[in-house]
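Going by the UniProt record's numbering, the first residue of the sequence shown is number 1, and it counts up by one from there.
Here a beta-carbon is modelled for each residue, glycine too, at the ideal position from N, C-alpha and C.
Please read these numbers as outputs of a predicted model, since none were measured by experiment.
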Amino acid sequence: MAADDNLRHLSLELAFQRQEVKGFTSLTWYIADMGCHARGSHVLPLTLFLTERTAYRFNLNSQHPRLFVRCETTDDGPAPRELTASQEVAANWMDGDTQVLDTPMPLAIQAWIEAYLARHGERVEGGRKKKRAGAGRASQE
């Protein structure tokens with residue numbers, strides 16, 4: 001098993017659309033292109049973590065699997081900083097009032113994540129077990 005079986009580099013290109021709402025013009029940024037290579041203006045590592053396997057499975061099982069990019073706001077627009085396949089991680093980024101862009105997950109990345117899950121197993125998040133009445137207490141005789 002390769003030491004980097006959990007790491008791929010992807011390139012992405014950002015673009016924007018101008019939108020006018022009530023006389024004000026704003027820019028809406030989006031990911032215009034994503035490639036499964038390390039060439040381009042924005043190259044980010046996609047690292048898979050064992051603790052996120054349930055989130056990866058949830059994403060892969062959705063009708064339209066997505067990748068999520070955390071961006072830093074700059075004067076020139078959003079600057080991509082992190083990439084994830086976990087909707088939970090992306091939600092945490094958004095809770096921090098950070099701009100997150102999403103894009104369809106390339107089929108090659110879907111296959112790679114499927115292979116990762118096959119190698120490392122599916123993580124099953126079980127619910128908490130209910131304690132039996134009186135369990136853990138010293139019995140009184």
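For residue 87, the uninterrupted alpha helix (DSSP H) segment begins and ends at 87–95. Taken atom to atom, the span from the alpha-carbon of residue 61 to that of residue 110 is near 10 Å. When the five nearest sequence neighbours on each side are left out, the beta carbons in the same chain lying within less than 7 Å of the beta carbon of residue 73 are those of 99, in order along the chain.
For residue 24, the three-state secondary structure derived from DSSP is strand. About 6 Å separates the CB atoms of residue 29 and residue 77; that is less than 8 Å, so the two are in contact.
Relative to the Cα of residue 68, the nearest Cα in the group 80, 101, 56 and 116 belongs to 101. By the Cβ criterion, the region 31–41 is in contact with the region 12–21, since at least three pairs of Cβ atoms, one from each stretch, lie closer than 8 Å.
Residue pairing by DSSP places residue 34 opposite 12 in a beta bridge.
Assignment of beta-bridge partners to residue 77 by DSSP yields 74. Here residue 56 has 48, 85, 86, 113, 116 and 117 as same chain residues with Cβ atoms under 8 Å from its own Cβ, once five neighbours each way along the sequence are excluded. Residues of the same chain with a CB within less than 6 Å of the CB of residue 17, apart from the 5 flanking positions on each side, are 28 in chain order. Annotated three-state conformation of residue 39 is coil, per DSSP. The closest CA to that of residue 92, considering only 70, 7 and 81, is found on 70.
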